[in-house]
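Trainee: Under numbering that gives the first Met the number 0, the sequence shown has 214 at position 215, and the numbering climbs by one with no breaks.
Ideal Cβ placement from N, Cα and C applies to all residues, glycine included.
Computed from a predicted model, the values in this text were never measured in an experiment.
The structure is given below, and queries will be raised subsequently.
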Amino acid sequence: MRGESDTCSRTFDVLIIGGGVVGFSIGYGLLQRGVSVAILDGTDRDFSATRGNFGMVSVSNKGFNNIPYFRLSLASRNLWPSLADEVHDRSGINPHFEGRGKVYLSMGEQELADRVSHIQEFLLRAGDEYHQEILSKDDLDHLLGHVGLGDRVVGGAFSRLDGSVEPLQFYSGLFRAYLSQGGHYFSSQIVRKIVSKNASFSVQTPSDTFSAPKVVIASGLGTPPLASQIGLRLNVRPERGQIMVTERIERVFNYPISGFLRQNVEGTIMIGSSSEYNGFDDHTSVGVLTGLAKGAVERLPLLRFVQINRCWAALRPRTDDGYPIYQESQQRPGAFVVSCHSGITLAALHARLLPRWILDDVKDNLLQPFGTGRLQDECAT
Ligand SMILES: Cc1cc2nc3c(=O)[nH]c(=O)nc-3n(C[C@H](O)[C@H](O)[C@H](O)COP(=O)(O)OP(=O)(O)OC[C@H]3O[C@@H](n4cnc5c(N)ncnc54)[C@H](O)[C@@H]3O)c2cc1C
Numbered sequence: 000m001r002g003e004s005d006t007c008s009r010t011f012d013v014l015i016i017g018g019g020v021v022g023f024s025i026g027y028g029l030l031q032r033g034v035s036v037a038i039l040d041g042t043d044r045d046f047s048a049t050r051g052n053f054g055m056v057s058v059s060n061k062g063f064n065n066i067p068y069f070r071l072s073l074a075s076r077n078l079w080p081s082l083a084d085e086v087h088d089r090s091g092i093n094p095h096f097e098g099r100g101k102v103y104l105s106m107g108e109q110e111l112a113d114r115v116s117h118i119q120e121f122l123l124r125a126g127d128e129y130h131q132e133i134l135s136k137d138d139l140d141h142l143l144g145h146v147g148l149g150d151r152v153v154g155g156a157f158s159r160l161d162g163s164v165e166p167l168q169f170y171s172g173l174f175r176a177y178l179s180q181g182g183h184y185f186s187s188q189i190v191r192k193i194v195s196k197n198a199s200f201s202v203q204t205p206s207d208t209f210s211a212p213k214v215v216i217a218s219g220l221g222t223p224p225l226a227s228q229i230g231l232r233l234n235v236r237p238e239r240g241q242i243m244v245t246e247r248i249e250r251v252f253n254y255p256i257s258g259f260l261r262q263n264v265e266g267t268i269m270i271g272s273s274s275e276y277n278g279f280d281d282h283t284s285v286g287v288l289t290g291l292a293k294g295a296v297e298r299l300p301l302l303r304f305v306q307i308n309r310c311w312a313a314l315r316p317r318t319d320d321g322y323p324i325y326q327e328s329q330q331r332p333g334a335f336v337v338s339c340h341s342g343i344t345l346a347a348l349h350a351r352l353l354p355r356w357i358l359d360d361v362k363d364n365l366l367q368p369f370g371t372g373r374l375q376d377e378c379a380t
């Protein structure tokens, strides 16, 4: 990605540490308020969940045990169409947001029975805002465009709450839209030190020093050591996900199939993604990829004849309880941490709701449950 190298002004209204989708969504939103923003990013060799994700805007499977998280995800999904249009207009890159819903396929009667009770309970907990309906195998096949479902599929469900986006196009579009609005981006600026003095922060990298009255740490897996410098102790651990991509074929199914299959606009099919805890190892593994391929063919037998062209693994930044963190430091007011493992789903909310919190100290009610207080107290620096 293109970055600025020479010294222009090194003082901004807001510094964002981390140039993944979370940092850019916040940065883009802040620019709409007319402030100056600089994103300080690492290098292409760093771990990047943004460059390896599946592109789902997921709502119907979020927050079964935490309804505020369901509401947060739903609010973001509702903000997605306008963000996607804006990014398209300002960058010329279409992120291809589709908000028509998602299909779940149940493999066997027990899985279907479990889904029925899961939906009933979700409805009780979340109320009318929730939507997921059970469909027969025939109805699902019809909805998907007569793709031909595997023998073990006995039925499933549809939710209109979910959406999807072309993740890399969204990220490039967001990057360009951010630059077009006057945002600054500095690559290869790995932040080592954050110092606060006289209501301003000085952020130091091996080669430069930047300053601003507000700092947002949105550094994915690099967040904890920076957060501890502003008095926030939190854990963000790597959750590996593996994905395979097929050759391009004509459009064969109309909706993403939960957590497993999604056809991109240009015709490739994404298969994945797995969920594994294996430290900072971001290699693919034959065992997991074989399982993904088998699962895909079991659901859609026509995939047996489609070639896999590419596979990769990437690491999601996962907080201890899996829910997002939106926290301002009490010890260093003006310094914020944002971390989440569904940065695509929440991108629209980050662009629209976080600027008010960061600039005006008004934290939307939707964000209130997601401070670090639920995990542990602030630590001393
Ligand atoms: C396989 C997979 C599938 C996924 N599927 C989905 C999905 O379908 N839907 C969804 O919503 N989410 C999905 N996600 C999760 C989503 O990709 C992440 O939530 C999101 O990318 C996190 O973005 P981020 O900006 O926080 O972190 P990252 O993308 O990891 O970016 C962090 C950035 O911070 C920089 N950085 C780190 N330390 C420093 C430092 N000290 N100084 C300067 N810069 C620093 C790094 O260089 C990097 O650019 C998936 C993730 C994976 C891995």
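Write down the C-beta distance between ARG99 and SER105 rounded to the nearest angstrom, noting that I regard them as a contact closer than 8 Å.
Mentor: Here residue 99 corresponds to residue number 100 of the sequence shown, with the count starting at 1. Here residue 105 corresponds to residue number 106 of the sequence shown, with the count starting at 1. Not a contact, Cβ separation roughly 20 Å.
Trainee: Just to confirm before moving on: does the CB-CB distance between GLY54 and ARG239 stay below 8 Å?
Mentor: Indexing the sequence shown from 1 puts residue 54 at position 55. Indexing the sequence shown from 1 puts residue 239 at position 240. Cβ distance not < 8 Å, so GLY54 and ARG239 don't count as in contact.
Trainee: Does DSSP classify SER284 as helix, strand or coil?
Mentor: Taking the first residue of the sequence shown as position 1, residue 284 is located at position 285. SER284: coil per DSSP, three-state reduction.
Trainee: Should the stretch 242-259 be called in touch with the stretch 315-331, which here means at least 3 C-beta pairs below 8 Å?
Mentor: No, they do not touch.
Trainee: May I have a chain-ordered list of the alpha helix (DSSP H) segments no shorter than 4 residues that lie completely inside the stretch 131-204?
Mentor: The qualifying runs are 136-143 and 166-179.
Trainee: Any heavy atom of ligand 1 closer than 7 Å to the Cβ of PRO94?
Mentor: The residue given as residue 94 occupies position 95 in the sequence shown. False, no ligand heavy atom lies under 7 Å from that Cβ.
Trainee: Leaving out five residues on either side along the sequence, give the residues of the same chain with a beta carbon under 7 Å from the beta carbon of GLU249.
Mentor: Mapped onto the sequence shown, residue 249 falls at position 250. For GLU249, where only same-chain residues beyond five positions count, the Cβ hits under 7 Å are GLY266.
Trainee: Let me check one thing: in DSSP terms, what residues is ASN277 bridge-paired to?
Mentor: What you label residue 277 is simply residue 278 of the sequence shown in a count that begins at 1. Paired residues: PHE279.
Trainee: In whole angstroms, what separates the C-alpha of VAL287 from that of ASN64?
Mentor: Locating residue 287 in the sequence shown gives position 288, counting from the first residue. Locating residue 64 in the sequence shown gives position 65, counting from the first residue. Cα-Cα distance, rounded: 27 Å.
Trainee: What did DSSP end up calling VAL86 once you bin it into helix, strand or coil?
Mentor: Against the sequence shown, residue 86 aligns to sequence position 87. If DSSP states are grouped into helix, strand and coil, VAL86 belongs with the helices.
Trainee: Could you check where the beta strand (DSSP E) with THR208 kicks off and where it finishes?
Mentor: Numbered from 1 along the sequence shown, position 209 holds the residue referred to as residue 208. Counting along the chain, the beta strand (DSSP E) containing THR208 begins and ends at 208-211.
Trainee: Run the CB neighbour count on GLU345, radius 10 Å, all protein chains shown included, and call it buried at 16 or more, exposed below.
Mentor: To locate residue 345, count along the sequence shown from 1; it is residue 346. The amino acid occupying residue 345 in the given sequence is Leu; Glu does not appear at that position. Per the 10 Å Cβ criterion, buried.
Trainee: Grouping DSSP H, G and I as helix and E and B as strand, with all else coil, what is GLU97?
Mentor: To locate residue 97, count along the sequence shown from 1; it is residue 98. Three-state result, GLU97: strand.
Trainee: State buried or exposed for THR245, treating a residue as buried only when at least 16 other CB atoms are found within 10 Å of its CB.
Mentor: Along the sequence shown, one-based indexing puts residue 245 at 246. Burial call: buried.
Trainee: Between the alpha carbons of LEU139 and GLU120, how many angstroms are there, rounded?
Mentor: Reading the sequence shown from its first residue, position 140 is the one you call residue 139. Reading the sequence shown from its first residue, position 121 is the one you call residue 120. Using only the alpha carbons, I get a separation of about 22 Å.
Trainee: Heavy atom of ligand 1 less than 7 Å from the Cβ of ASP54, yes or no?
Mentor: Position 55 of the sequence shown, counting from 1, holds the residue named residue 54. What sits at residue 54 in the sequence shown is Gly, not Asp. Yes - ligand 1 has a heavy atom lying nearer than 7 Å to the Cβ of GLY54.
Trainee: At which residues does the alpha helix (DSSP H) containing THR222 begin and terminate?
Mentor: The residue you call residue 222 lines up with position 223 of the sequence shown. Start and end: 222-226.
Trainee: Return the chain-ordered list of same chain residues with a C-beta closer than 7 Å to the C-beta of ASN263, the five sequence neighbours on each side being excluded.
Mentor: Residue numbering aside, residue 263 sits at position 264 when the sequence shown is read from its first letter. Contacts found: GLU165 and MET269.
Trainee: Tell me the rounded alpha-carbon separation between GLU132 and SER199.
Mentor: As a position in the sequence shown, residue 132 is number 133, starting the count at 1. As a position in the sequence shown, residue 199 is number 200, starting the count at 1. Those two C-alpha atoms are separated by around 52 Å.
Trainee: How should MET295 be labelled, buried or exposed, when 16 other C-beta atoms within 10 angstroms of its C-beta is the threshold for buried?
Mentor: The sequence position of residue 295 within the sequence shown is 296, counting from 1. Looking at the sequence shown, residue 295 is not Met but Ala. Classification of ALA295: buried, given that the 10 Å Cβ count is 16 or more.
Trainee: Any chance you could list the alpha helix (DSSP H) runs of at least 4 consecutive residues sitting entirely within the stretch 26-96, in chain order?
Mentor: As far as the stretch 26-96 is concerned, its whole alpha helix (DSSP H) runs of at least 4 residues are 66-90.
Trainee: So for LEU260, helix, strand or coil by DSSP?
Mentor: Walking along the sequence shown from the start, residue 260 turns up at place 261. LEU260: strand per DSSP, three-state reduction.
Trainee: Return yes when at least one heavy atom of ligand 1 lies under 7 Å from the C-beta of ALA74, else no.
Mentor: By one-based count along the sequence shown, residue 74 stands at place 75. Because no heavy atom of ligand 1 lies under 7 Å away, the Cβ of ALA74 does not count as near it: no.
Trainee: Which residue's Cα is closest to the Cα of ASN197: ILE38, ARG331, ARG32 and PRO67?
Mentor: By 1-based counting over the sequence shown, the position of residue 197 is 198. Answer by Cα proximity: ARG331.
Trainee: Excluding sequence positions up to five away, which residues of its chain have a Cβ less than 7 Å from the Cβ of ALA156?
Mentor: To locate residue 156, count along the sequence shown from 1; it is residue 157. Correct list, in chain order: TYR103, ARG114, ILE118, GLN131, GLU132, ILE133 and LEU134.
Trainee: Indicate, with yes or no, if ligand 1 has a heavy atom lying under 7 Å from the CB of PHE369.
Mentor: In the sequence shown, the residue the question calls residue 369 occupies position 370. Answer for PHE369: no, Cβ out of range of ligand 1.
Trainee: Note down, in chain order, each residue of its chain lying with its Cβ closer than 7 Å to the Cβ of HIS282, except the 5 sequence neighbours on either side.
Mentor: The sequence position of residue 282 within the sequence shown is 283, counting from 1. Once the five neighbours on either side are set aside, the close Cβ partners of HIS282 are ALA312.
Trainee: Starting from the Cα of PRO67, find the closest Cα among GLY372, TYR184 and GLN367 and give me that residue.
Mentor: Residue 67 sits at position 68 when you count from the first residue of the sequence shown. The option with the nearest alpha carbon to PRO67 is GLN367.
Trainee: Considering only the alpha carbon of each residue, which of PRO80, ARG315 and HIS340 lies closest to PHE169?
Mentor: Start at 1 with the first residue of the sequence shown, and residue 169 comes out as number 170. When each option's Cα is compared against that of PHE169, the closest is PRO80.
Trainee: When every heavy atom of ligand 1 is checked, does at least one fall within less than 7 Å of the C-beta of LEU314?
Mentor: One-based indexing of the sequence shown puts residue 314 at position 315. At least one heavy atom of ligand 1 is nearer than 7 Å to the Cβ of LEU314, so yes.
Trainee: Under 8 Å, with one C-beta from each stretch per pair, do the stretch 24-37 and the stretch 299-318 reach the 3-pair mark?
Mentor: Counting Cβ pairs under 8 Å, fewer than three are found: no touch.
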